[in-house]
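Participant: Could you have a look at this structure, given as structure tokens, before my questions?
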Amino acid sequence: MAASSRFGGLCAFGAAGLAFASAPLAYAEQPYCPTVSYRWEEDCSVLAGKDLTGLNRLRYLPVGPGWLTLSGEARVRIDAVDATDFGIRDAPDYVSFGRRMMFGADLHATRNLRVFGQLTVTDENGREPVQRPQDRDGPDVGQFFVDLPVHVGSALLVTRIGRQELNMEGNRLVSTRDGANIRRAFNGTLLMVSSGDVSINLFHLRPIRLRSGPFDDWPDPDETFDGATVDTNGLGAFVFDRTRPNARWLEGAGAERRWTSGLRHSWRDGAWRGYAQGVLQWGRTKSGQKARAAGAIATTTYTFKAPHDPRLIWTASYASGDGKRGDGVIETFDPIYPSNNGFSDSPLLYQTNYMYASGQGQMRFGPADLTASAFIVGRASTVDAIYAQGRPIDGTAIEGRLTAFILQTSAHLVPKRGTDIYSSVAYAFASDAVRRAGGGDVAYFRLQLTATF
Numbered sequence: 424m425a426a427s428s429r430f431g432g433l434c435a436f437g438a439a440g441l442a443f444a445s446a447p448l449a450y451a452e453q454p455y456c457p458t459v460s461y462r463w464e465e466d467c468s469v470l471a472g473k474d475l476t477g478l479n480r481l482r483y484l485p486v487g488p489g490w491l492t493l494s495g496e497a498r499v500r501i502d503a504v505d506a507t508d509f510g511i512r513d514a515p516d517y518v519s520f521g522r523r524m525m526f527g528a529d530l531h532a533t534r535n536l537r538v539f540g541q542l543t544v545t546d547e548n549g550r551e552p553v554q555r556p557q558d559r560d561g562p563d564v565g566q567f568f569v570d571l572p573v574h575v576g577s578a579l580l581v582t583r584i585g586r587q588e589l590n591m592e593g594n595r596l597v598s599t600r601d602g603a604n605i606r607r608a609f610n611g612t613l614l615m616v617s618s619g620d621v622s623i624n625l626f627h628l629r630p631i632r633l634r635s636g637p638f639d640d641w642p643d644p645d646e647t648f649d650g651a652t653v654d655t656n657g658l659g660a661f662v663f664d665r666t667r668p669n670a671r672w673l674e675g676a677g678a679e680r681r682w683t684s685g686l687r688h689s690w691r692d693g694a695w696r697g698y699a700q701g702v703l704q705w706g707r708t709k710s711g712q713k714a715r716a717a718g719a720i721a722t723t724t725y726t727f728k729a730p731h732d733p734r735l736i737w738t739a740s741y742a743s744g745d746g747k748r749g750d751g752v753i754e755t756f757d758p759i760y761p762s763n764n765g766f767s768d769s770p771l772l773y774q775t776n777y778m779y780a781s782g783q784g785q786m787r788f789g790p791a792d793l794t795a796s797a798f799i800v801g802r803a804s805t806v807d808a809i810y811a812q813g814r815p816i817d818g819t820a821i822e823g824r825l826t827a828f829i830l831q832t833s834a835h836l837v838p839k840r841g842t843d844i845y846s847s848v849a850y851a852f853a854s855d856a857v858r859r860a861g862g863g864d865v866a867y868f869r870l871q872l873t874a875t876f
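FYI, our numbering numbers position 66 of the sequence shown as 489, with every residue one higher than the one before it.
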């Protein structure tokens, strides 16, 4: 475990990072415009007419009839893995060091015009066997869009045009990819309609193709992502249409068009809350193969009325794999635009051809949340492979359903407003099937330090 032996050398960096993240930011205690993950969702109009000091002055700058909000983020992150792909085919270990800075400007020019832009600068070194395009880039436009809101009776219609992130309100098929340095963005048009408890989204988008030079990231001309979502009172329905040139399954690879339709439901009842989502997929590859797949997830949380807010979280999930080779049908589920860390923090497995169950316990101690987790992961189909990094791992389409048992501990600390420290350690115990394919156990470590305003 070469990477494991390097963990001690990370302690000095961690101490310096803690000092960085804990440094006081020049905020006034009150008033305050909170930062959120989707920076364009921040509404700093609450600061109008307030006596602002420090960085708070940048959060609300009067401009004519409207206002301008500036935002920023600095993030450093370490990932250490002692064997990617479970070490199969001598997959290497690595320690990567990633850096990210983002600067945003949100201009609410008038009641019917808003412009949002975000500049992103990223870098990373140390990742093996190759550098990922989503981790290293010159200065580039992360987002730049125009909102055109119109009120029609009690309904609000907002047309968003340009480069943008998608907030799918918990739909696990479309994520920001925040585990990487460069968040996922799309170019195109999004129509948002809201009236009372009902919200509808319609969109026609292309994902941004990432390149390593400055200001050279442009919409992918070969991939489209169209869809519609409807949500009301915890119930939701959606349909997506994705066309892409580079699907990679054990049964085949190449251009594919796939439709995805699903239902989801979130609920809360006292100390209980839950979420469930079910999905069906169908489509066809350019070579004539049919696509037919399914997936589902359910998660339940119980919060105890006790000191330190103890919580228990249970999750079960399924994504189909190819059940029969050579029949002209691809049954491997497409997770579309998933999170980098779908099962646990460790980036070991891609979210297809799997069944998994997990249990988590969380407690809060002052500004820190501590979590202990256990995950058991297996293949939905033993005819299909284990997938990682969006592709099948060579030699893993063998007998044996169980893939790995993963234990993880993590700590999330918010020592001061605008600062965030996250660390986790995970260990994956490889199954006999993985060992027969030439793999073994994997250790993973992460330290992430973030400062925002």
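For each residue, glycine too, the CB sits at the ideal point set by N, CA and C. If you're wondering where the values come from, they're calculated on a predicted model, not measured in any experiment.
For Gly-861, collect the residues of the same chain with a Cβ closer than 6 Å to its Cβ; drop the 5 residues on either side in sequence, then sort them by chain order.
Facilitator: Translated into the one-based positions of the sequence shown, residue 861 becomes position 438. Excluding positions up to five away in sequence, the list reads Ile-511.
Participant: Under 8 Å: do the segment 821 to 834 and the segment 468 to 479 share three or more Cβ pairs, one atom per stretch?
Facilitator: No contact exists between the segment 821 to 834 and the segment 468 to 479.
Participant: To test your reading of the DSSP string, which unbroken alpha helix (DSSP H) runs of 4 or more residues are found completely within the segment 714 to 783?
Facilitator: For the segment 714 to 783, not a single whole alpha helix (DSSP H) run of length 4 or above is found.
Participant: Rounded to a whole number of angstroms, what is the C-alpha to C-alpha distance between Glu-822 and Gln-774?
Facilitator: Within the sequence shown, residue 822 is the residue found at index 399, counting from 1. Within the sequence shown, residue 774 is the residue found at index 351, counting from 1. Spanning the two alpha carbons is a distance of roughly 20 Å.
Participant: Once you ignore the five residues that flank Phe-876 on each side, which residues in its own chain have a CB closer than 6 Å to its CB?
Facilitator: Position 453 of the sequence shown holds residue 876. For Phe-876, where only same-chain residues beyond five positions count, the Cβ hits under 6 Å are Leu-478, Gly-495, Gly-841.
Participant: For Gly-527, list the residues DSSP reports as bridge partners.
Facilitator: On the sequence shown, residue 527 is found 104 positions in, with the first residue counted as 1. Answer is Ser-494, Gln-541, bridged to Gly-527.
Participant: Between which two residues does the alpha helix (DSSP H) holding Asp-792 run?
Facilitator: As a first step, residue 792 must be located in the sequence shown, where it is residue number 369. Where Asp-792 is concerned, there is no enclosing alpha helix (DSSP H), although the beta strand (DSSP E) it sits in stretches over 791 to 801.
Participant: DSSP three-state call for Leu-478: helix, strand or coil?
Facilitator: As a first step, residue 478 is located in the sequence shown; it is residue number 55 there, counting from the start. In the structure shown, Leu-478 sits in a helix (DSSP, three-state: H, G or I).
Participant: Would you mind working out which of Asp-502, Pro-488, Ala-528, Thr-582 sits nearest Leu-481, comparing C-alpha positions?
Facilitator: Position 58 of the sequence shown, counted from the start, is the residue given in the question as residue 481. It is Ala-528 whose Cα lies nearest to the Cα of Leu-481.
Participant: Using CA atoms only, rank isn't needed, just tell me which of Tyr-517, Asp-513, Leu-491 is closest to Ala-503.
Facilitator: Here residue 503 refers to the residue found at position 80 of the sequence shown. Of Tyr-517, Asp-513, Leu-491, the residue nearest in Cα terms is Tyr-517.
Participant: What does the alpha-carbon distance come out to for the pair Asn-669 and Asp-474?
Facilitator: Counting from 1 along the sequence shown, the entry for residue 669 is found at position 246. Counting from 1 along the sequence shown, the entry for residue 474 is found at position 51. Distance between the alpha carbons of Asn-669 and Asp-474 is about 54 Å.
Participant: Excluding the five sequence neighbours on either side, which residues of its own chain have a C-beta within less than 8 Å of the C-beta of Gly-863, listed in chain order?
Facilitator: Translated into positions along the sequence shown, residue 863 becomes position 440. Closer than 8 Å at Cβ, skipping near neighbours: Ala-506, Phe-509, Gly-510, Ala-853, Val-857.
Participant: Quick one: Cα of Thr-476 to Cα of Tyr-845, how far?
Facilitator: Translated into the one-based positions of the sequence shown, residue 476 becomes position 53. Translated into the one-based positions of the sequence shown, residue 845 becomes position 422. C-alpha separation (whole angstroms): 28 Å.
Participant: Do the segment 611 to 627 and the segment 576 to 588 meet, that is, are 3 or more Cβ pairs less than 8 Å apart?
Facilitator: At 8 Å Cβ cutoff, the stretches touch.
Participant: Quick check on this structure: which residue in Gly-602, Asn-776, Arg-787, Asp-640 has the alpha carbon closest to the alpha carbon of Ala-834?
Facilitator: By 1-based counting over the sequence shown, the position of residue 834 is 411. Ala-834 has its Cα closest to that of Arg-787, out of Gly-602, Asn-776, Arg-787, Asp-640.
Participant: Report the start-end ranges of each beta strand (DSSP E) in the segment 531 to 600 that is 3 residues or longer and not cut off at the edges.
Facilitator: Qualifying beta strand (DSSP E) stretches, in chain order: 536 to 548, 560 to 575, 578 to 587.
Participant: Going by DSSP, what residue range makes up the beta strand (DSSP E) through Val-702?
Facilitator: Reading the sequence shown from its first residue, position 279 is the one you call residue 702. Run containing Val-702: 695 to 708, per the beta strand (DSSP E) assignment.
Participant: Please tell me whether Ala-739 and Phe-756 are closer than 8 Å, where the distance is taken between their beta carbons.
Facilitator: Here residue 739 refers to the residue found at position 316 when the sequence shown is read from its first residue. Here residue 756 refers to the residue found at position 333 when the sequence shown is read from its first residue. No, they are not a contact pair.
Participant: Quick one, are the C-beta atoms of Arg-802 and Asn-776 less than 8 Å apart?
Facilitator: On the sequence shown, position 379 is the one that residue 802 refers to. On the sequence shown, position 353 is the one that residue 776 refers to. Yes, these two residues count as a Cβ contact at 8 Å.
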